[in-house]
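Q:
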Amino acid sequence: MINAAIALYYIENASLVGISYIASIEDRKVHETCFTFFTVSSLLYAILTIGLSASVTNPNNKYEKRSLKTKVFLFLTNVTSLVTAVYCFYRHNKYCEPYVYTFFALFEYVFVLTNMGFHLTAYWDFYTYEFNIGPEMLQKTRLI
Numbered sequence: 027m028i029n030a031a032i033a034l035y036y037i038e039n040a041s042l043v044g045i046s047y048i049a050s051i052e053d054r055k056v057h058e059t060c061f062t063f064f065t066v067s068s069l070l071y072a073i074l075t076i077g078l079s080a081s082v083t084n085p086n087n088k089y090e091k092r093s094l095k096t097k098v099f100l101f102l103t104n105v106t107s108l109v110t111a112v113y114c115f116y117r118h119n120k121y122c123e124p125y126v127y128t129f130f131a132l133f134e135y136v137f138v139l140t141n142m143g144f145h146l147t148a149y150w151d152f153y154t155y156e157f158n159i160g161p162e163m164l165q166k167t168r169l170i
């Protein structure tokens, strides 16, 4: 499960690079493919990460508990915003209603921001650790 999460993390980041560098007006098909890979890999990565975190979270560690709770909230918000953005995108393309594309853009931003927030929960995951990189191998030291 950990290897799958790592692979999805790399796919998510590579797809994000593709979305960032290839605009939809330049090559719509490549942009859509990168977006699809980004979306699917980020959602699957989040599910795996939440599952892994839930299985190892120490109930006495307030940072790990906060991290897991925040991950779940951000994931649910992420999925909701994605579904809403897809709905708005469909409405815009089908009916070309006023302001619908604006709402699509709003929910797309919420999707991106909640994805970023999800990754920022690593702050709490590693809060009690200190990482030292030097001439010797990476050393992991537990602070608390």
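Using the working numbering, you'd call the opening residue of the sequence shown number 27 and step up by one each time.
Built from N, CA and C at the ideal position, the CB exists for glycine as well.
Answer with buried or exposed for T75, where buried requires no fewer than 16 other C-beta atoms within 10 angstroms of its C-beta.
A: buried
Q: Going by beta carbon distance, what residues of the same chain come within less than 7 angstroms of R92, once the five residues before and after it are set aside?
A: W150
Q: Expressed to the nearest angstrom, what Euclidean distance is found between the alpha-carbon atoms of G44 and Y153?
A: 32 angstroms
Q: With distances taken from CA atoms, which of I48, E156, I28, I37 is nearest T65?
A: I37
Q: Cutting at 7 angstroms between CB atoms, please list the residues of its own chain near L100, excluding the five before and the five after it.
A: T140, G143, F144
Q: What number of angstroms, rounded off, separates the C-alpha of A111 from the C-alpha of F130?
A: 5 angstroms
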